[in-house]
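Engineer:
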Amino acid sequence: MKFTRLLTLAASAFALIVAGSVGASAQSTLEIVKKRGLLRCQVGPPAPGFYNLDANGEWYGSDVSICQAVAAAIFGDKTKLEIQSVSSQVRFTALANGESDLLSRTATWTLLRDTQLGLDFTAINFYDGQGFVVPKDTGIKSALELKGATVCVLTGTTTELNLADFSRVNNLDISPVTFEDTNVRNDTYLAGGCDAMTNDKSSLAASMAAFPNPGDHLVLPETISKEPLAPAVRQGDAQWFDIVKWTVYVLIGAEELGITQANVDDMRANATNPSVRRILGAEGNLNEGLGLSKDWAYNIIKAVGNYGEIYEAYMGGGKLGIGIDRAGSANALWTQGGLMYSPPFR
Amino acid sequence: MAVLRAERTPARSAPLSETSVLGWLRKNLFSSWINIILTIVSIYIIYITVTGLWVWGVTDAVWVAKDRRDCFDISIDGACWAGVIVWLDNFFYGRYPRAELWRVNLGGLLLFLWMAPLWLPRVKDKIFIGLTTVFLYPFLAGYFFAGGDKGLFMQVMISLAIVALIGQTLHAIIGVSSGRGLPEYLIRLLGKEEASEARQRHTLLAILAGALVVAFVGQMGWSFVGVSWTKWGGMFLTLVISGIGIASALPLGIILALGRRSKLPVIRVLSTAFIELFRSVPLITVLFMATTMFPLFMPEGFVLNKLVQVIIAVCLFSGCYMAETVRAGLQAIPHGQYEAAHTVGLGYWGTMGLVVMPQALKHMIPNIVGSFIGLLKDTTLVSIIGLFDVLGMLRAVSQDIPWRGLHKEPLIFGAVLFFVICFAMSKYSRHLEVKLSAGDNR
Numbered sequence: 297m298k299f300t301r302l303l304t305l306a307a308s309a310f311a312l313i314v315a316g317s318v319g320a321s322a323q324s325t326l327e328i329v330k331k332r333g334l335l336r337c338q339v340g341p342p343a344p345g346f347y348n349l350d351a352n353g354e355w356y357g358s359d360v361s362i363c364q365a366v367a368a369a370i371f372g373d374k375t376k377l378e379i380q381s382v383s384s385q386v387r388f389t390a391l392a393n394g395e396s397d398l399l400s401r402t403a404t405w406t407l408l409r410d411t412q413l414g415l416d417f418t419a420i421n422f423y424d425g426q427g428f429v430v431p432k433d434t435g436i437k438s439a440l441e442l443k444g445a446t447v448c449v450l451t452g453t454t455t456e457l458n459l460a461d462f463s464r465v466n467n468l469d470i471s472p473v474t475f476e477d478t479n480v481r482n483d484t485y486l487a488g489g490c491d492a493m494t495n496d497k498s499s500l501a502a503s504m505a506a507f508p509n510p511g512d513h514l515v516l517p518e519t520i521s522k523e524p525l526a527p528a529v530r531q532g533d534a535q536w537f538d539i540v541k542w543t544v545y546v547l548i549g550a551e552e553l554g555i556t557q558a559n560v561d562d563m564r565a566n567a568t569n570p571s572v573r574r575i576l577g578a579e580g581n582l583n584e585g586l587g588l589s590k591d592w593a594y595n596i597i598k599a600v601g602n603y604g605e606i607y608e609a610y611m612g613g614g615k616l617g618i619g620i621d622r623a624g625s626a627n628a629l630w631t632q633g634g635l636m637y638s639p640p641f642r
Numbered sequence: 449m450a451v452l453r454a455e456r457t458p459a460r461s462a463p464l465s466e467t468s469v470l471g472w473l474r475k476n477l478f479s480s481w482i483n484i485i486l487t488i489v490s491i492y493i494i495y496i497t498v499t500g501l502w503v504w505g506v507t508d509a510v511w512v513a514k515d516r517r518d519c520f521d522i523s524i525d526g527a528c529w530a531g532v533i534v535w536l537d538n539f540f541y542g543r544y545p546r547a548e549l550w551r552v553n554l555g556g557l558l559l560f561l562w563m564a565p566l567w568l569p570r571v572k573d574k575i576f577i578g579l580t581t582v583f584l585y586p587f588l589a590g591y592f593f594a595g596g597d598k599g600l601f602m603q604v605m606i607s608l609a610i611v612a613l614i615g616q617t618l619h620a621i622i623g624v625s626s627g628r629g630l631p632e633y634l635i636r637l638l639g640k641e642e643a644s645e646a647r648q649r650h651t652l653l654a655i656l657a658g659a660l661v662v663a664f665v666g667q668m669g670w671s672f673v674g675v676s677w678t679k680w681g682g683m684f685l686t687l688v689i690s691g692i693g694i695a696s697a698l699p700l701g702i703i704l705a706l707g708r709r710s711k712l713p714v715i716r717v718l719s720t721a722f723i724e725l726f727r728s729v730p731l732i733t734v735l736f737m738a739t740t741m742f743p744l745f746m747p748e749g750f751v752l753n754k755l756v757q758v759i760i761a762v763c764l765f766s767g768c769y770m771a772e773t774v775r776a777g778l779q780a781i782p783h784g785q786y787e788a789a790h791t792v793g794l795g796y797w798g799t800m801g802l803v804v805m806p807q808a809l810k811h812m813i814p815n816i817v818g819s820f821i822g823l824l825k826d827t828t829l830v831s832i833i834g835l836f837d838v839l840g841m842l843r844a845v846s847q848d849i850p851w852r853g854l855h856k857e858p859l860i861f862g863a864v865l866f867f868v869i870c871f872a873m874s875k876y877s878r879h880l881e882v883k884l885s886a887g888d889n890r
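First to last, the protein sequences are chains A and B. Note that our numbering numbers the first sequence so that position 282 is 578, with each residue one more than the last. Note that our numbering numbers the second sequence so that position 110 is 558, with each residue one more than the last.
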């Protein structure tokens with residue numbers, strides 16, 4: 297696979313050069329999307345919580361909802377959307393070469409990616425972080441007790457590097473056991489092939505829920521890395537960047553203001569709170585700078601609900617959720633001690 | 449001591465050890481202590497494997513459940529086939545709209561109908577039928593699969609395909625029942641056996657033109673909802689990609705192989721360079737190049753269908769491998785055959801088409817089928833570049849929330865599916881070999 301990686305790198309570098317010229321000269325992304333009548337939104341290979349295929353071949357998940365929200369903002373119709381599932385090797389190239397308009401997938405926002413790949417991260421919609429899972433009967437209560445442990449980890453990802461850093465900093469002498477495939481890693485862990493398992497906490501929660509006896513395992517409290525996830529767009533189109541960024545903010549702002557998918561019609565007609573009236577287009581002209589219709593935010597909420605509803609459905613305890621507690625985490629609203637915060641709508 | 453006798457000794461029956469089951473067992477399995485131990489150990493290994501699989505996969509397995517947790521509740525140690533069953537549509541058709549699945553099925557059925565005459569005895573003009581399969585069927589099937597608006601070109605090709613399909617089906621029926629062809633039958637039907645040859649030909653052309661017009665008018669009132677290629681997937685997509693790859697590999701391979709053996713330096717060098725370039729690069733690299741690099745060289749706003757890019761890449765790749773197979777076959781033909789062909793006055797194409805290729809292709813069948821099988825399996829690489837072929841779908845099951853973690857069962861199902869298809873291909877090639885080399889065993 298080394299060759300493939302080299303190729304990917306070369307492709308990304310090349311894409312970066314081309315993307316610069318494309319971004320500068322092109323018609324705006326919004327015009328292209330409107331003309332096409334379809335938003336091309338890139339997600340990754342199925343990953344629980346973020347983007348999944350169901351038995352009918354339909355996509356669902358929190359990042360898919362972001363795609364639907366942007367489609368709804370532009371067209372007022374969340375189905376005018378083409379979901380592309382691209383492997384992580386070519387995700388940035390596929391955005392840079394114009395195959396997709398928007399990257400809504402678990403890509404961690406890092407300085408290098410933001411500055412060197414010809415793309416811009418918009419607004420963070422999920423704060424993830426790497427954690428550990430151990431069998432309860434080991435009695436381990438903290439990651440700092442993992443001295444000399446063998447830990448199952450996926451190879452070729454930053455999780456492997458984070459684990460090595462964590463082990464070095466805390467003098468733990470952890471020996472990693474690496475895997476390519478989540479399922480094989482889980483099976484090895486369950487069969488006792490390693491003392492603990494590490495990955496992003498969202499992914500750990502999803503894996504754990506699929507164990508025969510989830511109650512026998514414990515996610516340790518430590519979070520050893522920062523993985524802020526945000527939709528990304530091509531560099532060089534400020535309007536498009538704003539549309540995606542403010543779509544995420546509408547979702548967060550709507551939750552803060554108590555607007556839900558169920559009450560949005562009622563709120564638009566009867567609300568007296570000026571913020572609510574402005575965001576839903578009942579007064580003011582928030583839409584003008586974005587180049588969207590007056591009811592863009594209304595369409596978003598009508599189509600996918602607010603941030604809390606999306607979280608509950610796919611990340612939280614909903615029927616299709618992966619069951620991560622939101623309360624007390626970074627993903628709670630700022631009013632409830634989290635980091636989810638939208639700038640004011642005015 | 450008289451050894452010679454006048455009367456024959458009566459034939460004795462074969463020794464018991466050669467005829468009875470016990471004798472066979474003793475001879476083959478229990479002839480020495482080492483063999484006895486080996487036999488017992490092997491039987492034990494087979495026994496635990498088979499019973500283990502049987503208990504896991506059948507007796508303890510769950511066939512109906514609403515999600516994987518439900519499977520666990522019913523039987524924690526058994527296989528959970530319920531998830532595989534619920535996902536069957538995805539495995540076979542990918543994300544194709546469920547209301548339109550019949551189009552895929554009908555398209556596949558048409559291929560059978562189309563190719564059936566090739567397998568029937570007493571049917572003439574099989575080469576023509578083979579050609580329409582390669583050049584006309586894809587248009588009809590393509591429209592069935594993709595739907596949407598038809599351009600004029602597409603309409604003409606669809607009409608041609610419909611006429612060809614109906615014509616050759618009738619041709620095959622008439623052929624099987626009477627040994628004659630459709631044209632002959634039509635002439636007799638019209639009572640024009642006595643007419644001149646030119647007249648007969650004109651009559652037939654008129655009938656063909658009439659049929660085309662009818663088909664053209666007929667297909668105008670007939671349209672399907674468009675289904676974007678992004679919704680294609682599963683076994684259907686795998687078969688489309690590898691099917692087109694297989695269909696184009698042989699013609700492309702023959703052309704490249706002939707080019708490589710050509711006496712004209714330019715053609716030879718170009719063919720050799722082309723073959724060596726594609727053969728020295730892994731398929732996955734060709735796919736990456738085709739799907740991510742190629743669009744960068746295109747004018748802005750020009751987004752070529754990714755599926756088309758993949759198919760072109762697969763065709764070129766398989767064509768180059770096929771070229772070397774064909775070249776190997778060509779080299780096996782003794783030089784005397786070429787000389788003999790020249791002596792009877794055949795030119796280059798005559799020599800190749802009538803003398804060399806038919807012999808060479810026969811020798812190549814095992815290798816050709818081998819590369820077809822390889823191509824079918826290689827096609828699963830497209831799941832890496834984000835097309836949901838059958839492997840992509842089999843792996844997606846374990847990520848779907850209700851069936852989270854279910855990964856062994858779908859992969860076993862996939863293995864069985866591939867085995868059935870590949871084994872059938874391999875058996876068919878064996879059958880072809882026997883049939884075509886019947887002349888050698890006289």
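From the three backbone atoms N, C-alpha and C, an ideal C-beta is built for every residue, glycine too.
With C-beta atoms as the reference, is ALA445/A less than 7 Å away from ALA368/A?
Structural biologist: No.
Engineer: Near MET605/B, which residues of its chain fall below 6 Å by C-beta distance, leaving aside the five closest residues on each side in sequence?
Structural biologist: Once the five neighbours on either side are set aside, the close Cβ partners of MET605/B are PHE587.
Engineer: Could you work out which residue in LYS810/B, LEU823/B, PHE871/B and PHE866/B is closest to LYS883/B when comparing CA atoms only?
Structural biologist: Checking every option, the nearest Cα to that of LYS883/B belongs to LYS810/B.
Engineer: Does DSSP classify SER381/A as helix, strand or coil?
Structural biologist: SER381/A falls in the strand class under three-state DSSP.
Engineer: Just grab the DSSP bridge partners of ASP837/B for me.
Structural biologist: According to DSSP, which records beta bridges pairwise, ASP837/B is partnered with GLY682/B.
Engineer: Please identify, using Cβ separations under 7 Å, the residues of the segment 516-528 of chain B that lie next to chain A, in order along the chain.
Structural biologist: Answer set for the segment 516-528 of chain B: ARG516, PHE520 and ILE524.
Engineer: I'd like to confirm the pairing. Which residues does DSSP put opposite SER471/A in its beta bridges?
Structural biologist: BP columns for SER471/A point to THR446/A.
Engineer: Beta-carbon within less than 8 Å of GLY340/A's beta-carbon, same chain only, minus the 5 sequence neighbours each way: which residues are those?
Structural biologist: Within the same chain, GLY340/A has close Cβ partners PHE346, TYR347, SER381, VAL382, SER383, SER384, ARG387, ARG401 and THR402.
Engineer: Does LEU514/A have its Cβ less than 7 Å from a Cβ in chain B?
Structural biologist: So no, LEU514/A is outside the interface.
Engineer: When we look at the beta-carbon of ILE496/B and count the other beta-carbons within 10 Å, is it buried (16 or more) or exposed?
Structural biologist: Exposed, since its Cβ has fewer than 16 Cβ neighbours within 10 Å.
Engineer: DSSP state of GLN531/A, grouped into three classes?
Structural biologist: Reduced to three states, the DSSP call for GLN531/A is coil.
Engineer: Which residues of chain B have a Cβ atom closer than 7 Å to the Cβ of ASN348/A, listed in chain order?
Structural biologist: Ordered by position in chain B, the residues that pass the 7 Å Cβ test against ASN348/A are GLN847, ASP848 and ILE849.
Engineer: Establish whether the CB of ASN583/A and some CB of chain B are separated by less than 7 Å.
Structural biologist: So, not an interface residue.
Engineer: When you compare the CB positions of VAL510/B and ILE522/B, do they come within less than 7 Å of one another, or not?
Structural biologist: A contact, by the Cβ cut-off of 7 Å.
Engineer: Let me know the secondary structure DSSP gives PRO545/B once reduced to three states.
Structural biologist: Coil, per DSSP.
Engineer: What is the DSSP secondary structure of PRO565/B, reduced to helix, strand or coil?
Structural biologist: Note: PRO565/B maps to helix in three-state DSSP.
Engineer: Which residue comes first and which comes last in the beta strand (DSSP E) that contains ASN373/A?
Structural biologist: Checking the sequence shown, residue 373/A turns out to be Asp, not Asn. Segment: none, ASP373/A is in no beta strand (DSSP E) and carries neither H nor E.
Engineer: By the 7 Å beta-carbon criterion, what residues does the segment 504-530 of chain A contribute toward chain B?
Structural biologist: Listed by position, the residues of the segment 504-530 of chain A near chain B (Cβ gap below 7 Å) are ALA505, ALA506 and PRO508.
Engineer: With distances taken between CB atoms, is the gap from GLN616/B to ILE577/B smaller than 7 Å?
Structural biologist: Yes, the pair counts as a contact, with Cβ atoms nearer than the cut-off.
Engineer: Could you tell me the alpha carbon to alpha carbon distance between ASN292/A and ILE692/B, rounded to whole angstroms?
Structural biologist: This structure gives no information on residue 292/A, because the portion of chain A shown stretches from 297 to 642.
Engineer: Hey, would you say LEU525/A sits closer than 7 Å to PHE371/A, going by beta carbons?
Structural biologist: No.
Engineer: Should GLN323/A be labelled buried (16 or more other beta-carbon atoms within 10 Å of its own) or exposed?
Structural biologist: That one is exposed.
Engineer: Within 10 angstroms of the Cβ of GLN667/B, are there 16 or more other Cβ atoms? Answer buried if so, exposed if not.
Structural biologist: Classification for GLN667/B: buried.
Engineer: Go ahead and pull the three-state DSSP assignment for ASN482/A.
Structural biologist: Helix, per DSSP.
Engineer: Tell me which same chain residues have a C-beta within less than 8 Å of the C-beta of LYS376/A, skipping the five on either side of it?
Structural biologist: Taken in chain order, the residues that qualify are GLY333, LEU334, LEU335, ALA367 and ILE370.
Engineer: Taking CB distances under 7 Å as the criterion, tell me whether MET553/B reaches chain A.
Structural biologist: The question names Met, but residue 553/B in the sequence shown is Asn. Closer than 7 Å: no.
Engineer: If we count the other Cβ atoms within 10 Å of its Cβ and call it buried at 16 or more, is MET746/B buried or exposed?
Structural biologist: Label assigned to MET746/B: exposed.
Engineer: For the segment 803-834 of chain B, which residues have a beta carbon sitting closer than 7 Å to at least one beta carbon of chain A?
Structural biologist: Against chain A - using a Cβ distance shorter than 7 Å - the residues of the segment 803-834 of chain B are ILE832, ILE833 and GLY834.
Engineer: Give a yes or no on whether the C-beta atoms belonging to VAL515/A and VAL429/A are separated by under 7 Å.
Structural biologist: Yes, Cβ-Cβ distance for VAL515/A and VAL429/A is below 7 Å.
Engineer: Quick one: give me the first and last residue of the beta strand (DSSP E) that TYR607/A is part of.
Structural biologist: Run containing TYR607/A: none; DSSP gives neither H nor E here.
Engineer: Using a C-beta to C-beta distance shorter than 7 Å, which residues of chain A count as neighbours of ALA844/B?
Structural biologist: The answer, in chain order, is PRO342 and LEU349.
Engineer: So ARG775/B and ALA705/B are supposed to be a Cβ contact under 8 Å. How far apart are they, rounded?
Structural biologist: So it is a contact: roughly 4 Å between Cβ atoms.
Engineer: Per the DSSP calculation, THR494/A is bridged to which residue(s)?
Structural biologist: In the DSSP output, where bridge partners are listed per residue, THR494/A has PHE428/A.
Engineer: Just to confirm my understanding: we take ASP538/A, look at its own chain, exclude 5 residues before and 5 after, and list those with CB closer than 8 Å. What are they?
Structural biologist: Answer for ASP538/A: GLY585 and LEU586, listed in chain order.
Engineer: The beta strand (DSSP E) spanning PHE417/A covers which residue range?
Structural biologist: 415-417 is the span of the beta strand (DSSP E), which, as asked, contains PHE417/A.
Engineer: Skipping 5 residues on each side, what residues in its chain have a beta carbon closer than 7 Å to that of ARG570/B?
Structural biologist: Around ARG570/B: GLY623, VAL624 and GLY627.
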